[in-house]
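Following this note's numbering, the numbering of the sequence shown begins with 372 at its first residue and continues without gaps.
Built from N, CA and C at the ideal position, the CB exists for glycine as well.
Computed from a predicted structure; not experimentally measured.
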Amino acid sequence: MTKKKIYDLIVIGTGPGGYVAAIRAAQLGLKVACVEKDARLGGVCLNVGCIPSKALLDSSEYFHLAKDHFADHGIKTGKLSLDLSTMMARKEQVVEELTDNVRKLLEGNNIRIFHGTARIVGEDRVEVAENTGSSGKENIRILGTGSIILATGSTPVQVPGLEFDGKWIITSTEALEFKEVPKHLGIVGGGYIGLELGAVWLRLGAKVTVVEMLPQIAATLDGQVSRTLDRILRKQGFEIRLNTMVSGAKISKNKVRMTLEADGKKEALSCDRLLVAVGRRPLTQNLGLEEIGVKIDSSTGHVLVDESYRTNIHTIYAIGDLIPGPMLAHKASAEGIAAAECIAGLPGEVNYDAIPAVVYTWPEVASVGLTEEQVKERNIPYCVGSYPFSGAGRARCMGEKDGFVKLIAHSKSDRILGVHIIGPRAADMIAECVLAVEFGASSEDIARTIHGHPTFAEALQEAAMAVQKCSIYAS
Ligand SMILES: Cc1cc2nc3c(=O)[nH]c(=O)nc-3n(C[C@H](O)[C@H](O)[C@H](O)COP(=O)(O)OP(=O)(O)OC[C@H]3O[C@@H](n4cnc5c(N)ncnc54)[C@H](O)[C@@H]3O)c2cc1C
372 MTKKKIYDLI
382 VIGTGPGGYV
392 AAIRAAQLGL
402 KVACVEKDAR
412 LGGVCLNVGC
422 IPSKALLDSS
432 EYFHLAKDHF
442 ADHGIKTGKL
452 SLDLSTMMAR
462 KEQVVEELTD
472 NVRKLLEGNN
482 IRIFHGTARI
492 VGEDRVEVAE
502 NTGSSGKENI
512 RILGTGSIIL
522 ATGSTPVQVP
532 GLEFDGKWII
542 TSTEALEFKE
552 VPKHLGIVGG
562 GYIGLELGAV
572 WLRLGAKVTV
582 VEMLPQIAAT
592 LDGQVSRTLD
602 RILRKQGFEI
612 RLNTMVSGAK
622 ISKNKVRMTL
632 EADGKKEALS
642 CDRLLVAVGR
652 RPLTQNLGLE
662 EIGVKIDSST
672 GHVLVDESYR
682 TNIHTIYAIG
692 DLIPGPMLAH
702 KASAEGIAAA
712 ECIAGLPGEV
722 NYDAIPAVVY
732 TWPEVASVGL
742 TEEQVKERNI
752 PYCVGSYPFS
762 GAGRARCMGE
772 KDGFVKLIAH
782 SKSDRILGVH
792 IIGPRAADMI
802 AECVLAVEFG
812 ASSEDIARTI
822 HGHPTFAEAL
832 QEAAMAVQKC
842 SIYAS
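What follows is the structure, given as structure tokens:
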């Protein structure tokens with residue numbers, strides 16, 4: 372056991388919650404250390420989540436465009452072929468560069484990085500079982516600290532009867548690393564992770580079947596947007612089974628043989644790989660939380676925190692996927708900043724009404740605020756303005772006519788309650804809408820804001836004008 376060290380803050384986990392919290396705390400003058408059990412920094416987001424999935428989405432979209440759309444623009448590609456190992460190597464390089472950048476950022480802010488598994492052994496003490504490479508020996512350190520931020524993230528939910536085996540029945544991590552394109556990829560769960568990874572492999576030539584228990588895919592989306600996405604994905608070749616459960620799966624003769632259940636009837640379906648993407652649960656095991664008495668929600672497994680991200684133990688804070696709310700990288704980072712500010716005595720906070728959500732299929736889907744269903748449920752009087760991308764000049768130039776912008780505003784105050792976009796570059800367009808919600812803007816504010824021409828964002832302006840019943844281009 373090595374000598375005790377004193378820090379103002381120890382952050383456990385270096386995902387987008389943890390590393391951002393550490394940097395903000397260091398900026399505010401705190402002496403900070405981070406503990407990370409994996410060899411690379413950056414957490415799920417950089418290593419096996421947001422970044423590698425988007426690298427593959429971008430690469431596979433290029434392949435799809437070259438294969439099916441370049442000819443529309445008069446570009447002849449000849450015989451096209453796929454070099455999957457180069458595509459994977461490129462993804463790996465993007466991840467490597469970004470994770471290395473996290474190290475530089477932490478080091479540049481004088482944050483000490485410990486590589487090892489952390490466990491809380493006292494209100495002001497963290498034990499680190501340091502990785503010592505190939506020798507297999509563990510070096511145990513006890514670090515003394517003023518505060519601790521837990522940012523250990525989440526892990527995929529396992530479904531009984533569909534246990535992960537790393538080869539046939541897999542998590543998103545393995546679905547980012549196939550050595551060859553599966554002939555038929557089955558996906559349990561029609562949430563954003565399943566749809567995005569389904570899109571990657573469909574574009575590269577796989578048959579993709581999504582099995583979803585609920586009556587709609589991406590169930591948290593506005594209903595109209597979810598139905599449109601369903602229709603577009605089917606048109607692209609996705610097979611989607613709604614109101615259907617996968618009740619079991621067996622491996623035989625190099626196939627995953629699933630049992631599907633719908634309307635009380637059973638059906639058999641085979642595929643080559645089965646991705647189970649039904650959600651993620653907070654990673655709280657082996658952290659010493661029970662021993663020290665940190666309160667956890669027994670039904671969801673979330674660590675419970677107050678508005679300053681403090682748990683019931685006054686020195687211990689928690690952020691990101693560990694605590695309630697959408698499991699998103701930017702939400703984790705916002706909480707990391709807020710928690711660090713609270714620890715430093717500043718009024719850090721997060722506006723949970725202004726968190727964007729994006730699905731990186733093509734077309735993309737992005738939203739902020741309330742859906743039409745939620746507005747109705749809450750009996751809020753509202754108006755809707757919509758505008759299709761088929762009416763936007765820029766979208767036409769790009770050959771993108773699918774999708775629309777839907778803006779929901781309070782019918783009396785005109786304050787924007789929600790914006791839902793399905794269409795090209797929706798992920799980037801939503802930033803303006805998040806800003807509008809953050810500033811309490813009205814639909815008239817967006818309608819009267821001059822948008823560049825020709826841009827995708829003109830569709831947002833037209834949707835806002837439609838709320839005002841003064842859309843110029845809607846017929
Ligand atoms: C395939 C996929 C795609 C995704 N795409 C997006 C996206 O496009 N946009 C988006 O916003 N979100 C996306 N997400 C979700 C996003 O990755 C998470 O919400 C985010 O990473 C959560 O951040 P975090 O800091 O809470 O935890 P994590 O990123 O999970 O980081 C936790 C870290 O803690 C470490 N750790 C755990 N236990 C210990 C311990 N005892 N000691 C030391 N270290 C420990 C882990 O090794 C890990 O590095 C995606 C997720 C997946 C799986």
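Residue i beta carbon near ligand 1 (any heavy atom closer than 7 Å)
i, result
"residue 399", "no"
"residue 693", "yes"
"residue 617", "no"
"residue 409", "yes"
"residue 561", "no"
"residue 522", "yes"
"residue 424", "yes"
"residue 591", "no"
"residue 513", "no"
"residue 416", "yes"
"residue 800", "no"
"residue 458", "no"
"residue 701", "yes"
"residue 491", "no"
Top-ranked residue by Cα proximity to residue i, from the options
i, options, result
"residue 485", "493, 479, 512 and 471", "512"
"residue 731", "547, 841 and 793", "793"
"residue 677", "759, 688 and 594", "688"
"residue 561", "552, 468 and 582", "582"
"residue 630", "624, 622, 640 and 588", "640"
"residue 490", "570, 564 and 406", "406"
"residue 733", "803, 600 and 703", "600"
"residue 524", "577, 755 and 420", "420"
"residue 648", "605, 683, 637 and 530", "530"
"residue 779", "802, 812, 767 and 451", "812"
"residue 764", "755, 788, 822 and 783", "822"
"residue 596", "382, 686 and 736", "736"
"residue 691", "745, 386, 569 and 474", "386"
For residue i, three-class secondary structure by DSSP
i, result
"residue 822", "coil"
"residue 775", "strand"
"residue 742", "coil"
"residue 701", "helix"
"residue 395", "helix"
"residue 379", "strand"
"residue 756", "strand"
"residue 857", "For the chain, the structure presents residues 372 to 846; residue 857 sits outside this window and is missing."
"residue 770", "coil"
"residue 673", "coil"
"residue 841", "coil"
"residue 577", "coil"
"residue 853", "In the structure displayed, the chain extends from 372 to 846; residue 853 sits before or after that span and is not available."
"residue 620", "strand"
"residue 418", "helix"
Alpha helix (DSSP H) segment containing residue i, residue limits
i, result
"residue 457", "455 to 479"
"residue 421", "421 to 439"
"residue 569", "563 to 574"
"residue 606", "594 to 607"
"residue 836", "829 to 838"
Residue range of the unbroken beta strand (DSSP E) whose run includes residue i
i, result
"residue 732", "Premise fails: residue 732 is in no beta strand (DSSP E) and is neither H nor E."
"residue 525", "525 to 527"
"residue 800", "Taken as a continuous stretch (DSSP letters only), residue 800 belongs to no beta strand (DSSP E), being part of the alpha helix (DSSP H) at 797 to 809."
"residue 556", "555 to 559"
"residue 404", "403 to 407"
"residue 385", "Unbroken run through residue 385: none, as it is neither H nor E."
Test: residue i CB closer than 8 Å to a CB of chain D
i, result
"residue 707", "Protein chain content of the structure displayed is limited to a single chain, and chain D is not contained in it."
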